[in-house]
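Worksheet: one structure, shown below.
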Amino acid sequence: MNLSKRIISFLAISIAGLSSPALSEDIYKDYRGLYAPAYIGGNQIRDIKFGYLGTLGFDTGLETQMGAGYDFGKFRIEALYTRNGADFENTTTSSSYVDIVTTTWSANALVDFTNESDISTFFGAGFGSSKIEVTGAD
171 MNLSKRIISF LAISIAGLSS PALSEDIYKD YRGLYAPAYI GGNQIRDIKF
221 GYLGTLGFDT GLETQMGAGY DFGKFRIEAL YTRNGADFEN TTTSSSYVDI
271 VTTTWSANAL VDFTNESDIS TFFGAGFGSS KIEVTGAD
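Residue numbers (this note's numbering): 171 to 308.
Right, here's the structure in full:
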């Protein structure tokens with residue numbers, strides 16, 4: 171994958187990740203209760219090098235996330251499901267696999283810090299589990 175595609179993918183993910191909390195903060199400043207985070211964006215799996223055996227390269231893939239949470243005011247809890255995948259770009263190995271898919275479940279607890287600026291800060295901790303599948307032609 172060339173450098174310009176990687177830069178565009180990184181910028182798209184960064185902008186989506188940075189803008190979502192800022193937009194929700196302005197609209198729902200005093201909101202408490204259920205909320206549903208969701209996003210869609212691109213991802214880039216780095217090439218896997220196997221030394222003299224060759225290198226596996228990947229195209230930019232699609233990443234989606236959805237979840238549910240509850241806002242108690244300064245404290246939030248949420249559960250998230252994330253799925254992303256990418257196709258093999260080209261390969262110098264004899265592998266017949268064509269796709270890699272990662273699914274992740276996570277649970278998080280977040281503490282919001284109030285301030286007078288437009289940017290909201292928070293601290294969080296969580297746990298989760300990921301499953302990676304390689305699928306393709308047999």
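Here a beta-carbon is modelled for each residue, glycine too, at the ideal position from N, C-alpha and C.
Taking the beta strand (DSSP E) that residue i falls in, what are its first and last residues?
{"i": "F228", "result": "T225 to F228"}
{"i": "I215", "result": "Per DSSP, I215 belongs to no beta strand (DSSP E) and is neither H nor E."}
Using only alpha-carbon positions, find the residue among the options that is nearest to residue i.
{"i": "I215", "options": "A256, V281 and I302", "result": "A256"}
{"i": "T274", "options": "F293, F283 and R253", "result": "R253"}
{"i": "K219", "options": "E233, A277, F228 and K301", "result": "F228"}
Put residue i into one of helix, strand or coil per three-state DSSP.
{"i": "G221", "result": "helix"}
{"i": "D288", "result": "coil"}
{"i": "G237", "result": "strand"}
{"i": "Y201", "result": "coil"}
{"i": "K301", "result": "strand"}
What number of angstroms, rounded off, separates the C-alpha of residue i from the C-alpha of residue j?
{"i": "T313", "j": "E248", "result": "The chain is shown from 171 up to 308; residue 313 falls before or after that span and cannot be answered."}
{"i": "Q309", "j": "L204", "result": "Outside the modelled stretch of the chain, which goes from 171 to 308, sits residue 309, for which no answer is possible."}
{"i": "L223", "j": "D217", "result": "13 angstroms"}
{"i": "F242", "j": "A295", "result": "16 angstroms"}
Compute the distance between the beta-carbons of residue i and residue j, then report whether it is under 8 angstroms.
{"i": "K244", "j": "V304", "result": "no"}
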